[in-house]
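Visitor:
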Amino acid sequence: MDKYNVLLIGGGGREHSIAWKLGQSEKIGKLYSAPGNPGTAQFGENVSLDVQKFEEIADFVDDKNVELVIIGPEAPLVAGLADFLEEKDIPVFGPKKAAAMLEGSKEFAKEFMMRHNIPTADFAVFSSTDYDDALKFIQTKDTYPIVLKADGLAAGKGVFICDNEEEVKQRLLYIKKDSSLAEAAQRLVVEEFLEGEEASVFVISDGHTSHIIHNAQDHKRIGEGDTGLNTGGMGAYSPAPLLTHDLLERVKKEIIEPTITGMQLEEKAYFGILYVGLMITKDGPKVVEYNCRLGDPECQAILPSLENDLLELIIAATEQRLDEKSIQLDNQYRCCVVLASEGYPGKYEKGKKITGLNDTDDKAFIFHAGTTENAGDIYTNGGRVLNVVGSGNTLEEAIEHTYANVEKINFDGCYYRKDIGAKGLKRIQN
Ligand code: AMP
Ligand code: GLY
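With the numbering used here applied, the sequence shown covers 22 to 451.
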C-alpha cells in the first residue's frame, strides 16, 4: 500500500500534534479526526463520530476506506475499541482492553508489577465495602504521607495524598460519597508515598520489540511551584535533565523490558504506546503509574523532536516490524506551556475570542486543544485551550522561545503557569 487513509480518535492538544506529525508523512492519504479540533482540521477532515459507538466507527472506516485507526485517549482503549476493530480485521494502533488494564485498573497494574519484580511503591487493595479495613490498615502502619487511589479511570481525580489520619478519614468519606468516583473506586489501592522527582518515558511496542520514543516532565498542578489542584497537565519539557543516560538504561532494564515481556508471558501482548510515569527515588526509578497512550501535554513536547516518520513507525508496529526501526531524535529541547481558561480545573467560561494566533514566530508551534472555529475566528471551547511549544538548543532557550510566543496570544481569562521548565533548569544549573 502506498498511501494510508487514517482515522485518528481524539480531539485534544495531543491529537493536534499527532495530526501535524502524520501530515508530514510520505505515506499519509486522507486523515480523518474524530472529533478533532480546529488544529487537526488543518491536516484533514474532522468528523463527528460518537467514539463510544464502536459500530459507528467500523461503518465509517468501511465507508471511507480507512486503512488504519489510531486511538489517542485512554477511555476508548480501556473500553475495548481496539479489540472491536481488530475482530473486524481493521488495522488499529493501540492496546487491546486486557493490555490497556495497565492504565484501566491500578490494582491490575500493581499486582502485575509484583509478579514481575518491577519496582513500584508498596501497596494493599481494599474493596469499597471494606474501607474500615483500609483505615485500620493505615492506622496500624502509621506512616504518613500515605496515598489513596481509586482503582479505575478517574481523569486524574482519583488520587489523594494524605498527611495524617484525619485526612485519610475525610478522604475515605469523600471517595465513598462522590458519585463521580463510584465506579472507579469500587476497589481502592493504598500506597506507600514515594519521595523523589517525577519524569515520564514514552515507549512504542509491537508486543515483542519496544523502543523508547522520548522522555519528558509534566507539571500536573494548576499553580506555580507545583501548588494547588491537580489538572490534566499545565505544561511539559523534554528531555528531562533528571533522566541521565545511566538512569534511562536502568529504566529500560528494570522496568520497560520486564513490562513488555511480562505482558507477553501473561498473553496480553502490549501493542501501542506505553507511558511509564516514574518517581526517581534514592533507591532508583520506581513506577508511579502506567498509561496506555501518549501523555497530554507531554506528547506535544516530544513529537517535534522525533525525526522518524511517525506513520511509518506506527505501521511497522502494526506489522510487528519494530525490530527494523530505530528512533531518531533531533537533540533539541522543547517546552510546552498550556494556555487554560480562568477557573480550570474547576468551572470556567467558553466562547472567548482568541487573538494573536498568526503573530507567532517559527521558533514555536501552536497546538489547539479546547478551541472551536466560527466564521474564520477561533474561540475557547474547553479548560485547556492551546499549547505553545518552543524549541531551542538548550532548555533555557526553549523556555524563552515558548514564553515569547505565549505572550503574543490572548483571550479573556487566559491563564498559564509562568514556571514551566524551571525545575529542569534548576537541575542543570546545580
Ligand atoms: P497517578 O494517577 O497514579 O499517576 O497519580 C497522580 C499523581 O499523584 C502522580 O503523578 C504523583 O504526583 C502522585 N502520586 C501518585 N502515587 C504516588 C506515590 N506512591 N508517591 C508519591 N506521589 C504519588
Ligand atoms: N499529562 C498527564 C497525562 O497525560 O496523563
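We put the beta carbon where it would ideally sit given N, CA and C, even for glycine.
With a cut-off of 8 angstroms on the beta carbons, I'd call I91 and L29 a contact; round off their distance for me.
Guide: Counting from one through the sequence shown, the residue named residue 91 turns up at place 70. Counting from one through the sequence shown, the residue named residue 29 turns up at place 8. Indeed they touch by this definition, with Cβ atoms about 5 angstroms apart.
Visitor: Apart from the five residues just before and just after G101, which ones in its own chain have a Cβ nearer than 6 angstroms to its Cβ?
Guide: The sequence position of residue 101 within the sequence shown is 80, counting from 1. Same-chain partners within the cutoff: K118.
Visitor: Tell whether a beta-carbon distance below 9 angstroms holds between T423 and C356.
Guide: Against the sequence shown, residue 423 aligns to sequence position 402. Against the sequence shown, residue 356 aligns to sequence position 335. Contact: yes.
Visitor: Just to confirm the assignment, what range does the alpha helix (DSSP H) spanning V87 have?
Guide: Taking the first residue of the sequence shown as 1, we reach residue 87 at position 66. Looking at the DSSP string, V87 is not in any alpha helix (DSSP H), and its letter there is neither H nor E.
Visitor: Does the ligand AMP have a heavy atom nearer than 8 angstroms to the CB of F214?
Guide: For the purposes of this step, residue 214 is identified with residue 193 of the sequence shown, where counting begins at 1. F214 Cβ: within cutoff of the ligand AMP.
Visitor: Could you pull the DSSP bridge partners for H232 from this structure?
Guide: For the purposes of this step, residue 232 is taken as residue 211 along the sequence shown, with counting starting at 1. H232 pairs with I225.
Visitor: Can you give me the start and stop residues for the beta strand (DSSP E) that S54 sits inside?
Guide: By one-based count along the sequence shown, residue 54 stands at place 33. First-last of the beta strand (DSSP E) with S54: I49 to P56.
Visitor: Whole alpha helix (DSSP H) runs in the segment 177-209 with 4 or more residues, listed along the chain?
Guide: Entirely contained in the segment 177-209, the alpha helix (DSSP H) runs reaching 4 residues are, in chain order, 186-198.
Visitor: Out of Y354, G60 and Q341, which one is the CA nearest neighbour of G293?
Guide: If you number the sequence shown from 1, residue 293 lands on position 272. Considering only alpha carbons, the answer is Q341.
Visitor: Does the distance from the CB of S46 to the CB of E333 come in under 9 angstroms?
Guide: For the purposes of this step, residue 46 is taken as residue 25 along the sequence shown, with counting starting at 1. For the purposes of this step, residue 333 is taken as residue 312 along the sequence shown, with counting starting at 1. In contact: S46 and E333 (Cβ atoms closer than 9 angstroms).
Visitor: Measuring straight from C-alpha to C-alpha, what distance separates A419 and D71?
Guide: Here residue 419 corresponds to residue number 398 of the sequence shown, with the count starting at 1. Here residue 71 corresponds to residue number 50 of the sequence shown, with the count starting at 1. Approximately 38 angstroms, taken between the alpha carbons.
Visitor: Compare the C-alpha of L268 against each of D247, L286, S231 and A220 and name the closest.
Guide: Along the sequence shown, one-based indexing puts residue 268 at 247. Checked all of D247, L286, S231 and A220; the closest Cα to L268 is A220.
Visitor: Can you tell me whether DSSP reads P325 as helix, strand or coil?
Guide: Taking the sequence shown and counting its residues from 1, the one referred to as residue 325 is at position 304. Reduced to three states, the DSSP call for P325 is helix.
Visitor: Can the beta-carbon of G65 be found less than 9 angstroms from the beta-carbon of K51?
Guide: Here the question's residue 65 lines up with position 44 in the sequence shown. Here the question's residue 51 lines up with position 30 in the sequence shown. Yes, the Cβ-Cβ distance between G65 and K51 is below 9 angstroms.
Visitor: Mind checking L286: buried by the 16 CB within 10 Å criterion, or exposed?
Guide: Walking along the sequence shown from the start, residue 286 turns up at place 265. With fewer than 16 Cβ atoms within 10 Å of its Cβ, L286 is classed as exposed.
Visitor: Give a yes or no on whether the C-beta atoms belonging to D239 and P318 are separated by under 9 angstroms.
Guide: Along the sequence shown, one-based indexing puts residue 239 at 218. Along the sequence shown, one-based indexing puts residue 318 at 297. Cβ distance < 9 angstroms, so D239 and P318 count as in contact.
Visitor: Counting only the same chain and skipping the five closest in sequence on each side, list residues whose C-beta sits under 7 angstroms from that of P97.
Guide: Reading the sequence shown from its first residue, position 76 is the one you call residue 97. So the list reads I30 and V72, once near-sequence residues are dropped.
Visitor: Output the distance between the C-alpha atoms of L331 and K303, rounded to the nearest integer angstrom.
Guide: Working through the sequence shown from its first residue, we reach residue 331 at position 310. Working through the sequence shown from its first residue, we reach residue 303 at position 282. Rounded to the nearest angstrom, the two C-alpha atoms are 35 angstroms apart.
Visitor: Please report the Cβ distance between N26 and V87, rounded to the nearest whole angstrom; I am assuming they are in contact, meaning their Cβ atoms lie under 8 angstroms.
Guide: For the purposes of this step, residue 26 is identified with residue 5 of the sequence shown, where counting begins at 1. For the purposes of this step, residue 87 is identified with residue 66 of the sequence shown, where counting begins at 1. That belief holds up - the Cβ atoms of N26 and V87 are roughly 5 angstroms apart, short of 8 angstroms.
Visitor: Pick helix, strand or coil for V68, following the three-state DSSP scheme.
Guide: Taking the sequence shown and counting its residues from 1, the one referred to as residue 68 is at position 47. Correct three-state label for V68: coil.
Visitor: Mapping the DSSP letters down to three states, classify M122 as helix, strand or coil.
Guide: Indexing the sequence shown from 1 puts residue 122 at position 101. DSSP places M122 in helix when its eight states are reduced to three.
Visitor: Alpha carbon to alpha carbon, what distance is there between A145 and S412?
Guide: Working through the sequence shown from its first residue, we reach residue 412 at position 391. Working through the sequence shown from its first residue, we reach residue 145 at position 124. Approximately 43 angstroms between the Cα atoms of the pair.
Visitor: Please confirm whether any heavy atom of the ligand AMP lies closer than 8 angstroms to the CB of I159.
Guide: Working through the sequence shown from its first residue, we reach residue 159 at position 138. It does not: the Cβ of I159 is nowhere closer than 8 angstroms to a heavy atom of the ligand AMP.
Visitor: Expressed to the nearest angstrom, what Euclidean distance is found between the alpha-carbon atoms of P306 and T141?
Guide: As a first step, residue 306 is located in the sequence shown; it is residue number 285 there, counting from the start. As a first step, residue 141 is located in the sequence shown; it is residue number 120 there, counting from the start. Distance between the alpha carbons of P306 and T141 is about 8 angstroms.
Visitor: Is the closest heavy atom of the ligand GLY to the C-beta of A203 under 8 angstroms?
Guide: Within the sequence shown, numbered from 1, the residue matching residue 203 stands at position 182. Not under cutoff, so the answer is no.
Visitor: With a 10 Å radius around its C-beta and 16 neighbouring C-beta atoms as the bar for buried, classify G254 as buried or exposed.
Guide: Within the sequence shown, residue 254 is the residue found at index 233, counting from 1. Answer is buried; the Cβ neighbour count reaches 16.
Visitor: When the Cα of L215 is compared with those of W41, G298, D83 and K42, which residue comes out closest?
Guide: Counting from one through the sequence shown, the residue named residue 215 turns up at place 194. Comparing Cα positions, the closest option is G298.
Visitor: To the nearest angstrom, report how far apart S226 and A338 are at their CA atoms.
Guide: Counting from 1 along the sequence shown, the entry for residue 226 is found at position 205. Counting from 1 along the sequence shown, the entry for residue 338 is found at position 317. Using only the alpha carbons, I get a separation of about 7 angstroms.
Visitor: Ignore the nearest five residues each way along the sequence and tell me which others in V82's own chain have a CB closer than 7 angstroms to its CB.
Guide: For the purposes of this step, residue 82 is identified with residue 61 of the sequence shown, where counting begins at 1. Cβ within range, chain order: L28, V90 and I111.
Visitor: For a test of the three-state rule: what should DSSP assign to N426, helix, strand or coil?
Guide: Reading the sequence shown from its first residue, position 405 is the one you call residue 426. Helix.
Visitor: Measure the alpha-carbon distance for Q321 versus D153 and round it to whole angstroms.
Guide: Locating residue 321 in the sequence shown gives position 300, where the first residue counts as 1. Locating residue 153 in the sequence shown gives position 132, where the first residue counts as 1. Approximately 43 angstroms, taken between the alpha carbons.
Visitor: Among residues of its own chain, excluding the 5 on either side of G445, which ones have a beta-carbon nearer than 7 angstroms to its beta-carbon?
Guide: What you label residue 445 is simply residue 424 of the sequence shown in a count that begins at 1. So the qualifying residues of the chain are Q238, Y258, A261, P262 and L416.
Visitor: Could you tell me if A396 is buried or exposed, where buried requires 16 or more neighbouring beta carbons within 10 angstroms of its beta carbon?
Guide: Mapped onto the sequence shown, residue 396 falls at position 375. Looking at its Cβ environment, which holds fewer than 16 other Cβ atoms inside 10 Å, A396 is exposed.
Visitor: Cα separation between E95 and R271?
Guide: The count along the sequence shown starts at 1 and reaches residue 95 at position 74. The count along the sequence shown starts at 1 and reaches residue 271 at position 250. Distance between the alpha carbons of E95 and R271 is about 27 angstroms.
Visitor: Which residue or residues does DSSP assign as beta-bridge partners of C313?
Guide: For the purposes of this step, residue 313 is taken as residue 292 along the sequence shown, with counting starting at 1. In the DSSP output, where bridge partners are listed per residue, C313 has none listed.
Visitor: When every heavy atom of the ligand AMP is checked, does at least one fall within less than 8 angstroms of the C-beta of G177?
Guide: On the sequence shown, residue 177 is found 156 positions in, with the first residue counted as 1. Under cutoff, so the answer is yes.
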